[in-house]
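In short: position in the sequence shown from 1, add 35, done, that's my numbering. See structure below.
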Amino acid sequence: MKNRILEDYKKQFGIPQIYVKSPGRANIIGEHTDYNHGLVLPFAIEQAIGMAIGTNNLGKLRMVALDIEDNYSIDISDLSFVTEGWIRYFINSLVALSYNQDSGIDIVFGGNLPQGGGVSSSSALTCGFLAGVNELFDLQFDIDELVDLASQAENGIGLNGGIMDQTAILKGEKGKALLIDFADFSVKKYQVPPTEYKFYLFNSGQKHNLVETEYNTRRATCDSAVRQVMAIDPRVDTLRKMTASHVANILDGETAKKRCTHVIEENERVKAATKAMSEGNFEAFGSLLSQSHNSLSQNYEVSTPEIDYLVEESQKINNILGSRIMGGGFGGCTINFVKGELLGSDVEKLIKDYKTETDLDLELYEVKASDGVLVELL
Ligand code: GLA
Numbered sequence: 036m037k038n039r040i041l042e043d044y045k046k047q048f049g050i051p052q053i054y055v056k057s058p059g060r061a062n063i064i065g066e067h068t069d070y071n072h073g074l075v076l077p078f079a080i081e082q083a084i085g086m087a088i089g090t091n092n093l094g095k096l097r098m099v100a101l102d103i104e105d106n107y108s109i110d111i112s113d114l115s116f117v118t119e120g121w122i123r124y125f126i127n128s129l130v131a132l133s134y135n136q137d138s139g140i141d142i143v144f145g146g147n148l149p150q151g152g153g154v155s156s157s158s159a160l161t162c163g164f165l166a167g168v169n170e171l172f173d174l175q176f177d178i179d180e181l182v183d184l185a186s187q188a189e190n191g192i193g194l195n196g197g198i199m200d201q202t203a204i205l206k207g208e209k210g211k212a213l214l215i216d217f218a219d220f221s222v223k224k225y226q227v228p229p230t231e232y233k234f235y236l237f238n239s240g241q242k243h244n245l246v247e248t249e250y251n252t253r254r255a256t257c258d259s260a261v262r263q264v265m266a267i268d269p270r271v272d273t274l275r276k277m278t279a280s281h282v283a284n285i286l287d288g289e290t291a292k293k294r295c296t297h298v299i300e301e302n303e304r305v306k307a308a309t310k311a312m313s314e315g316n317f318e319a320f321g322s323l324l325s326q327s328h329n330s331l332s333q334n335y336e337v338s339t340p341e342i343d344y345l346v347e348e349s350q351k352i353n354n355i356l357g358s359r360i361m362g363g364g365f366g367g368c369t370i371n372f373v374k375g376e377l378l379g380s381d382v383e384k385l386i387k388d389y390k391t392e393t394d395l396d397l398e399l400y401e402v403k404a405s406d407g408v409l410v411e412l413l
């Protein structure tokens, strides 16, 4: 990947100054908890985007997307938030950091991260680019500031997202899952299960269309539930501090109750899963993933009939110890915790049955906990 990108950069623009490897992320458990001051357990994956970056004295931001053979150039003095297309990740990153250097920037990127496959390719682009530009101009942003800038760049696009993805991508470490607590932004690293156990992503082939509107609606429901509880019990200024009894006794409306119940119980599942993982209790660990799916489907209502079917069928496979929808929802991937190897016959049957039921093509790939963004001065 790296050679191909550097070669292409040379052909188009000359010698780059920086090479960045920016991974995607998987999330073991803890979904829709990050923007509710809760707990998550993600890791950066090996599949990544590579980018070569350098300066030009033409006052242009010139961008080349190697894999889709597309390119775009814009005056660097003329940047404002863009809402469409892959160029928005670069442009919005520069807007977020109030770019004010005289030099133009050239970038060539490509890689093996499935786009729109639920592994946060958008955050990989913004985090990687921001980390590269930070190094290129010695801007001295620390990692937490880069997380915030990447989040601003992506929120400029319309999704009022949390910062789990950016944190995992920038702080990931090989072999470690990150227990991130968004009550105080602390990160604790835990050894992932031994190599006999594997994580597989099953890409449902369903594009998450509704994600922006529905995601923002979920977030707004949680925020207004907190306001309602806080009016009666002022200690509850975040959903993290809400209890089942607040839900039962104060909250109005079935929808708000279901959403908050998911978040409260999901935080407990993250704690239990981290404990089970550290103690080597992998049956219990897997079962927590499946419980998370039920709640995401029934209480948070971010699954789809196709993904519910996929999860149900996956859970029937003997050595899949847990399966659930991953990420924002409404399509994308499921994450599956597997003991040993997946049998060819099981995989073939799953792909075939899924195709018959949904007319969609399933793709499977293994993900391993890897280092976060790596920036190299060339
Ligand atoms: C998306 C967002 C994350 C997180 C998940 C749901 O991936 O980018 O911040 O909220 O959805 O857990």
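No residue lacks a Cβ here, since even glycine has one placed at the ideal position from N, Cα and C.
Asked	Found
G167 (DSSP reduced to helix, strand or coil)	helix
Any 3 or more C-beta pairs closer than 8 Å across the stretch 75-90 and the stretch 55-62	yes
H67: CB within 7 Å of a non-hydrogen atom of the ligand SAH	As presented, the structure is devoid of the ligand SAH, carrying the ligand GLA as its sole ligands.
Cβ contact check for the stretch 389-397 and the stretch 365-372: 3 or more pairs under 8 Å	no
Pairwise C-alpha distance: G167 and L41	15 Å
Nearest-angstrom Cα separation, counted from G145 out to I126	17 Å
Exposure label - G375; buried when at least 16 CB within 10 Å	exposed
Closest Cα partner of E347 within the set R254, I142, E314 and S327	S327
Rounded straight-line distance, which links the Cα of T309 to that of I50	45 Å
Sufficient close CB pairs (3 or more, under 8 Å) joining the stretch 182-197 to the stretch 148-166	yes
Proximity test, Y44 beta-carbon vs the ligand GLA heavy atom, cut-off 7 Å	no
Inside the stretch 287-341 only - beta strand (DSSP E) runs reaching at least 3 residues	none
L331 and I299 closer than 8 Å at C-beta	no
Three-state secondary structure (DSSP) of F116	coil
Bounding residues of the alpha helix (DSSP H) (the contiguous stretch that carries Q82)	Note, Q82: premise wrong, no alpha helix (DSSP H); beta strand (DSSP E) at P77 to N91.
heavy atom of the ligand GLA below 7 Å from Y335 C-beta	no
Proximity winner among S155, F234 and K242, relative to L199 (alpha-carbon distances)	The question names Leu, yet the displayed sequence has Met at residue 199. Here the closest residue by C-alpha is S155.
Proximity of Q47 and V143 at Cβ, strictly below 8 Å	yes
Cβ shell of L323 (< 8 Å), same chain only, five flanking positions each side left out	I64, R304, A307, A308, A311 and G357
Beta-carbon gap between R275 and N106 smaller than 8 Å	no
Cβ shell of L93 (< 6 Å), same chain only, five flanking positions each side left out	G139
Simplified DSSP assignment, three categories, for Q226	strand
Identity of the residue in D343, S338 and D137 nearest R253 by Cα	S338
Alpha-carbon spacing of S258 relative to A131, whole angstroms	For the sequence presented, residue 258 should be read as Asp rather than Ser. Distance between the alpha carbons of D258 and A131: 25 Å.
Under 8 Å between C-beta atoms of V182 and L205	yes
Helix, strand or coil at S138 according to DSSP, with G and I counted as helix	coil
Helix, strand or coil at S414 according to DSSP, with G and I counted as helix	Since the first and last residues shown for the chain are 36 and 413, residue 414 lies out of range.
Neighbourhood of M265 by C-beta, 7 Å cutoff - its chain only, sequence neighbours within 5 removed	V271 and D272
DSSP-derived helix/strand/coil call for K209	coil
Contact test: Y124 Cβ vs the ligand GLA heavy atom, cutoff 7 Å	no
Any 3 or more C-beta pairs closer than 8 Å across the stretch 374-391 and the stretch 231-238	yes
With 16 other Cβ atoms within 10 Å as the buried cut-off, status of S313	exposed
Beta-carbon proximity check, A404 vs G210, cutoff 8 Å	yes
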